[in-house]
Amino acid sequence: MSEENKTDDQKKDTELENSGSVHLWSDELALKKSQKKIKHLKRALVIVVIAGVLLGWLGGSLVPMSFLNSFRSRLNAAFGLSSDDKIAEVLKIMENDWYFGSSIDNLDERLKDQALTAITSNSEDTHTEYMSAEETSSFAQSINRNYVGIGVGYIQNGDTNMIEEVFKDSPAEKAGVKAGDIIHAIDGTVIDGMSSSDIKDLIQGDEGTKVSITFIREGQYMTLEITRAAVSATAFGKKLDDGTIYLRLAQFGEGTVKEVKGYLKDLAVDESDKMILDLRNNGGGYLDSVAAVASLFLPSGETVMSEQYASGPDQTIRTSGGQLTNIHQIVILVNGDTASAAEVMTLALKQQRDDVTIVGTTTYGKGTVQVTRTFSDGSAIKYTTAKWVSPDGTWVNGVGITPDETVRLHDALYNAYAGMEDDESYSFDSVADAVKDMQLCLDYLGYAPDRQDGYFSEASKEALSRFESDHALTADGVLNKTAYEALISAVRMDWGTTSNHDTQLKKAQEILHDGK
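Under my numbering, the first residue of the sequence shown is numbered 62, with each subsequent residue one higher.
In structure tokens:
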């Protein structure tokens, strides 16, 4: 286009392009001034640092460190932060410039653990998480339920610590400890008034070491020397009074199938045995452990579950053989804390046997699969890789399993007890949460208060007075901390030592006896 054919605007554009000066807007001028300021600050910092090094080398720095620190802080504040690696930038600031950082031990490790925890925390998947080395170890122990000790479960009621369970092939069983024995002293230390954690610390110890425990059995003192050993306590089995096999699985750990085989070898001896499989409060565990245990109750090659991945082919987990063919009827007990691998087990048996009944309350509903990968320092990331579905394709996630027979336990066993202060008390005509707790316990224990709504009625006073009299307390019908704790302790002792209030277990026995 010739010069004479250009419009006036085009000529102006050409002139601007060819001229040495360009018009800048006010915000552009401010940015340019800021950039010049930063450039000068950088140059000044270099000069100060060089001068400080030289002067310090020659005979001691003439520039106080506080001045340098203050200058560095001002200079850092003047610079923007790179968005290329925000995590690294934030870590550098927290490690070098954070005021409180100098007073925290192992700051770098702590900051990185916090960052990794945040990265793996999300509302879509509460089961993915980063675990420190200590947390990883605790997680594995919680699933395998392994420790070095004597192999008993006990229940604490005030100053009484009574053996509830003696695990099979444990040091305690070999030494002759029995359910019902009361622990009196450990290595000469009387344990009355001790917390359960303090008692555990006395009993547990290094493998191969000995512990001397004095028990009370039928009013007689007896002292046994027991050699501590590694104990795995994921399973417990016994025969009920009616001859039914009772098998409780607390977790699906690495040694669970071995424990189960040990119990069933002794218990499943008849050709038409019936079994109650108690999976209440079983939060899950390892899927290969579930498959191994399920193989004891299903024919070889049966589907235990299928894993479905976001990408890639599904994977079907199947039984490997070894079915015990003399168990012909099973009732599975479940509740709201039956989850994950325990739900896998429940549906695998229910959907592939025609003699399984589920009793209890709706299960937790965890239908995802996690993998744990460990770092060289012992920490780990546990993350979801797939969802699992039952043999017929059911996905329980967020829904759970509805039992064939829904049976609740007494409300006292579900209650979250509020507790009482030392100077707190309630009497007739008062209203409080603690009074409601009292009424629930009294009703559970058979003292029949007329209500359970927290109003302290005359009938509630009379029921409390009877309980206090029966338990060597001041029978004044006043609820104080002592009476409150005695009520809760009595409920726990009854639940732990008898099956009188286990309505779910009773229903299971009814079903097995009726042949349903």
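Where is the CB? At the ideal position from N, CA and C, for every residue including glycine.
Here W449 is bridged, per DSSP, to E368. Exclusion of the five residues before and after K335 leaves T305, Q390, L573 as the residues of its chain whose Cβ lies within less than 6 Å of its Cβ. Note: M192 is bridge-paired with A441 in the DSSP secondary-structure output. Looking only at D465, D531, N541, the smallest Cα-Cα distance to D498 is reached by N541.
In the three-state reduction of the DSSP assignment, S486 falls in the strand class.
Note that the C-beta distance between K522 and M192 is not below 8 Å. Judged by DSSP in its simplified three-state form, Q312 adopts coil rather than helix or strand.
Boundaries of the alpha helix (DSSP H) around F528: 519 to 531.
In this structure, the CA atom of L470 is about 25 Å from the CA atom of N222.
Burial state of S356 is buried, judged by a 10 Å Cβ sphere holding 16 or more other Cβ atoms. For H245, the enclosing beta strand (DSSP E) starts and ends at 243 to 247. L340 is not a Cβ neighbour of M283, given a cutoff of 8 Å. Annotation for I260: I252 place their beta carbon closer than 6 Å to its own, counting only its chain and skipping 5 residues before and after. Each residue's CA atom was taken as its position, placing S367 and T380 some 12 Å apart. Exposure of F161 is indicated by the presence of fewer than 16 other C-beta atoms within 10 angstroms of its C-beta. Y487 counts as buried, since at least 16 other C-beta atoms from the protein chains shown sit within 10 angstroms of its C-beta. DSSP places T558 in the helix class (H, G or I) of the three-state scheme.
Between the alpha carbons of T424 and V468 lies a gap of roughly 12 Å.
Looking at the backbone, the Cα of A291 and that of E268 are separated by about 7 Å. Boundaries of the beta strand (DSSP E) harbouring S273: 271 to 278, taken from the DSSP string. Taken through DSSP and simplified to helix, strand or coil, E156 comes out as helix. For S256, there is no enclosing beta strand (DSSP E), as DSSP gives it neither H nor E. According to DSSP, residue pairing for R379 in a beta bridge involves T364. For a cut-off of 8 Å, the C-beta gap from I264 to D242 is around 13 Å, too long to register as a contact. Counting only residues of its own chain and dropping the five nearest sequence neighbours on each side, A236 has a CB closer than 7 Å to the CB of L285, I287. Contact between A547 and H532 holds: CB atoms are separated by about 6 Å, below the 8 Å threshold.
Distances from the alpha-carbon of Q565 to those of L474, S164, A524, E485 put L474 closest.
The beta carbon of S560 sits closer than 7 Å to the beta carbons of L566 from its chain, once the five residues preceding and following it are set aside; these are given in chain order. With a 10 Å radius around the Cβ and a threshold of 16 neighbouring Cβ atoms, P452 comes out buried.
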